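Each remark here refers to the structure printed beneath this line.
Residue numbers (this note's numbering): 110 to 279.
This is the structure in structure tokens:
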């Protein structure tokens, strides 16, 4: 198993992690997603710490494209039929290995990459099999700052959190 210091890449599922898993269809056939701003700050803090954020989802959503762009997340992979295969290709492109990955997911399609990752995590409302497989079992539910909790834990374990807080005190 890897340590927090080994992590260079966070691969995150979206629906059920960044959102509560609900899908809302508007009358004009558009899809609405609700994101927690605390997850956004978590992503920014991870990026400032030199960690690459990868969003990996089997769905396609213009709302997610917009959110990723707002946060400066260039590694957005939508429409993934097989998350393990897609993850392998992403890591090859990034020059990283699974031992350098923290993978967070909430449902069965996330199991295979979670089992390969150096560290894995699951929100509190993840599928029971996914939660059982997770290295880190988060307290927050998906869509309720679970990603932020993950980032805070990672940065604390790396010994970087106190310096980050001090920067906000100035």
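Backbone N, C-alpha and C define an ideal beta-carbon position, used for all residues, glycine too. As the structure is a prediction and not an experimental result, all values here were calculated from the model.
It is roughly 6 angstroms from the alpha-carbon of residue 168 to the alpha-carbon of residue 187. DSSP places residue 121 inside the beta strand (DSSP E), whose first and last residues are 118-121. Collapsing the DSSP output to three states places residue 111 in coil. With a threshold of 16 other beta carbon atoms within 10 Å, residue 248 falls short and is exposed.
Across the structure, residue 144 and residue 150 are spaced so that their CA atoms are roughly 11 angstroms apart.
Distance from the CA atom of residue 181 to the CA atom of residue 129, rounded to whole angstroms, is 22 angstroms. The alpha-carbon of residue 132 is positioned some 9 angstroms away from that of residue 124.
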